[in-house]
Structures are given as structure tokens and as C-alpha cells.
Amino acid sequence: MSEKKTLTILLTKAPYVSEAADMALYTALKAKKMGYNVNLFLYLDGVWSAHITQEKEFNNPGVWLKWAVKKGIYVGLCERCSKARDLTDENIVDGLVICGSYKFMDMLKASDKVLTFGG
Amino acid sequence: MVETEYSVDIGFIISKAPAESNLVANTLEIARGAVKQGKSIELFLISDGVWLIKKNQKNPAAKIFNEIRKNIKVTASKDHLEGAGIEEKEIVDGVSLTKNTYKSMVELVMENWKKVVSI
Chain H
16 MSEKKTLTIL LTKAPYVSEA ADMALYTALK AKKMGYNVNL FLYLDGVWSA
66 HITQEKEFNN PGVWLKWAVK KGIYVGLCER CSKARDLTDE NIVDGLVICG
116 SYKFMDMLKA SDKVLTFGG
Chain G
64 MVETEYSVDI GFIISKAPAE SNLVANTLEI ARGAVKQGKS IELFLISDGV
114 WLIKKNQKNP AAKIFNEIRK NIKVTASKDH LEGAGIEEKE IVDGVSLTKN
164 TYKSMVELVM ENWKKVVSI
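Taken in sequence, the protein lines are chains H and G.
For the first sequence, my numbering gives the first residue as 16, with consecutive numbering after it.
For the second sequence, my numbering gives the first residue as 64, with consecutive numbering after it.
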């Protein structure tokens with residue numbers, strides 16, 4: 016069996032202010048469905064998508080994140096960015112990992128390609 | 064990382080409108096420089112990036128785009144064009160349109176492009 020390629024996606028923008036969060040999540044889910052390993056790292060205001068834990072009658076990035084975790088996408092949040100915004104394990108989507116930016120470096124080293132949304 | 068033969072040297076994903084800031088123009092200047100160096104270049108336009116292919120624009124990004132578009136491949140999201148209300152007769156010629164936005168983009172990034180820049 017050929018080795019799977021890895022895609023890492025960096026999201027730096029908050030949900031709803033633009034399409035960046037939607038694009039990052041749709042890309043991640045599509046790439047996973049296509050058979051790639053996928054990492055998603057939420058950085059700066061990108062961490063806010065992790066805070067959407069309630070149901071909405073409109074587009075809900077929190078639901079997409081839950082789906083990403085369920086599908087086996089590793090979703091990490093920058094620790095400093097989370098702390099700056101008072102995000103903790105208690106108030107973010109289950110299964111997401113608050114980690115240091117060193118984890119993002121590990122993702123970069125292991126990736127074939129890296130995409131940024133929100134820059 | 065997985066070894067692959069790539070058909071395009073550098074792919075650019077553009078999700079920003081040409082006139083919203085200097086970012087698209089600056090990115091296309093990089094693309095223009097790469098074309099001059101003999102590199103194969105492809106653009107993938109998504110979200111507000113689709114505005115770049117509308118005819119008869121007068122902004123710095125469109126000027127550079129029109130200089131280089133005969134020497135590069137350009138693919139745009141049909142869904143995002145429709146979302147922007149841009150009809151096919153309003154876009155410049157030579158652009159491929161895709162209905163499978165995210166599938167097409169992931170395929171290009173992971174299998175066709177040696178390097179990727181996303182804005």
C-alpha cells in the first residue's frame with residue numbers, strides 16, 4: 016500500500032467574519048475523504064471556531080469541527096492564542112487539543128503540503 | 064513526505080478580492096516573476112478570488128493577471144462565481160471552471176503542484 020500524503024491547514028481567522036473558517040474546514044474534510052492524512056491548526060483568531068459548541072440555525076463551524084474530529088482529523092489550537100481568549104478544554108468542542116506552536120512545527124515537518132486560510 | 068512527480072511548479076490559491084488590498088497584486092507579482100523564470104504556474108480561484116477573472120477591471124491585480132494569464136493555467140470555482148453573481152460571459156477566456164471546488168483544489172494541491180501559496 017502506498018504511503019498516505021499529509022496536508023496541514025492553518026486557520027488564522029475567526030468564523031463568520033469571512034469564509035476563511037468554512038474554506039479551511041471544507042478543505043480539511045474533503046482531503047480526509049479523499050484519503051489524505053489531515054491536520055488542522057487553529058491560530059490567532061482561528062481558535063474562536065473551537066468555541067462554537069451550541070447548535071445554530073445557520074452555518075456552524077463548531078459542527079464541522081466535531082465532524083473533523085470524528086473523521087480522524089487532528090485539530091490543534093495554539094495554546095497562547097487560546098489563553099489570550101480565555102478558551103479552555105471546558106469551553107471548546109470536544110476532541111480538540113490545546114497545544115503549543117511546537118506541535119504546529121511537528122505538523123509542518125510531517126506534511127507534504129500546507130495551506131493557510133485567513134491570512 | 065511522499066515522493067511525487069508534479070506537473071506544476073507553483074500553485075496559488077487566491078481567496079481574496081483583487082481590489083480589497085494589495086495582497087492579490089503582490090502575490091501575482093510573485094507569480095509573474097516565477098513565469099519569467101520559466102516556472103509553470105497555476106491559479107485556483109475560490110471565494111472572493113473569483114473576482115479576478117471578471118472582464119474589464121482596472122486595478123493593479125487585474126493588470127498583472129492580464130499580463131500573465133496566457134502563460135499560466137487558471138481554474139475558478141463555479142459555485143463561487145455563481146455566488147458572486149458573475150456569469151460566464153463576463154469572465155475572461157481561458158479559465159477552467161470547476162463544480163467540484165474542494166475536490167479539485169485538494170487534487171491540484173496534493174497531486175499536481177510542487178509548491179503551493181495560499182492567500
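From the three backbone atoms N, C-alpha and C, an ideal C-beta is built for every residue, glycine too.
It should be emphasised that the depicted structure is a prediction, and the values quoted were computed from it without experimental measurement.
DSSP three-state label for residue i, please.
i	result
glutamate 170 of chain G	helix
tyrosine 31 of chain H	coil
proline 123 of chain G	helix
lysine 178 of chain G	strand
isoleucine 93 of chain G	helix
leucine 102 of chain H	coil
glycine 91 of chain H	strand
threonine 67 of chain G	coil
lysine 86 of chain H	coil
glutamate 72 of chain H	coil
alanine 80 of chain G	coil
isoleucine 131 of chain G	helix
serine 126 of chain H	coil
valine 87 of chain G	helix
In chain H, which residues lie less than 7 Å from residue i when you measure between Cβ atoms?
i	result
serine 110 of chain G	Glu34 and Met38
tyrosine 165 of chain G	Tyr41, Thr42 and Lys45
valine 169 of chain G	Thr42, Lys45, Ala46 and Met49
Name the DSSP bridge partner or partners of residue i?
i	result
lysine 117 of chain G	G:Ile154
valine 98 of chain G	Answer by DSSP bridge pairing: none, since valine 98 of chain G is not bridged.
threonine 131 of chain H	H:Leu25
threonine 161 of chain G	G:Ser140
asparagine 52 of chain H	H:Thr21
glycine 74 of chain G	G:Glu105 and G:Val179
cysteine 114 of chain H	H:Cys93
leucine 57 of chain H	H:Leu26 and H:Leu92
With residue i and residue j assumed to form a contact (beta carbons below 8 Å), what rounded beta-carbon distance in angstroms separates them?
i	j	result
isoleucine 109 of chain G	isoleucine 76 of chain G	7 Å
threonine 23 of chain H	asparagine 54 of chain H	4 Å
threonine 21 of chain H	tyrosine 51 of chain H	7 Å
valine 98 of chain G	asparagine 175 of chain G	With a Cβ gap of about 17 Å, valine 98 of chain G and asparagine 175 of chain G do not count as contacting.
leucine 26 of chain H	glycine 133 of chain H	6 Å
valine 169 of chain G	lysine 45 of chain H	5 Å
alanine 77 of chain H	serine 97 of chain H	One detail in the question is off: residue 77 of chain H reads as glycine in this sequence, not alanine. Not really, about 15 Å apart at Cβ, beyond 8 Å.
Under 7 Å Cβ-Cβ, which residues of chain G neighbour residue i?
i	result
glycine 134 of chain H	Ile182
Using a cut-off of 8 Å between C-beta atoms, extract the partners of residue i located in chain H.
i	result
serine 78 of chain G	Glu34, Ala35, Met38 and Phe132
valine 172 of chain G	Leu22, Lys128 and Leu130
Run down chain G in chain order and give the residues with a C-beta less than 9 Å from the C-beta of residue i.
i	result
isoleucine 121 of chain H	What sits at residue 121 of chain H in the sequence shown is aspartate, not isoleucine. None at all; the shortest Cβ gap to chain G is about 14 Å.
Determine the chain H residues that contact residue i at a beta-carbon separation under 9 Å, and present them in chain order.
i	result
lysine 179 of chain G	Per the sequence presented here, residue 179 of chain G reads as valine, with lysine not at that position. Those are Lys128, Val129 and Leu130, listed as they occur along chain H.
Give a yes or no on whether the minimum CB-CB distance between residue i and chain C is below 8 Å.
i	result
alanine 29 of chain H	Although the question refers to chain C, the structure presented lacks it and instead comprises the protein chains H and G.
Practice task
Give a yes or no on contact between the region 92 to 106 of chain G and the region 59 to 70 of chain H, applying the rule of three or more CB pairs nearer than 8 Å.
Solution key: no
Handout entry: Sufficient close CB pairs (3 or more, under 8 Å) joining the region 125 to 134 of chain H to the region 88 to 104 of chain H
Key = no
Practice task
Would you check if there are 3 or more beta carbon pairs closer than 8 Å linking the region 129 to 141 of chain G to the region 156 to 163 of chain G?
Solution key: yes
Handout entry: Cβ pair count under 8 Å reaching 3, the region 69 to 83 of chain G against the region 106 to 125 of chain H
Key = no
Problem - Three or more C-beta pairs below 8 Å linking the region 113 to 124 of chain G and the region 162 to 174 of chain G - result: no
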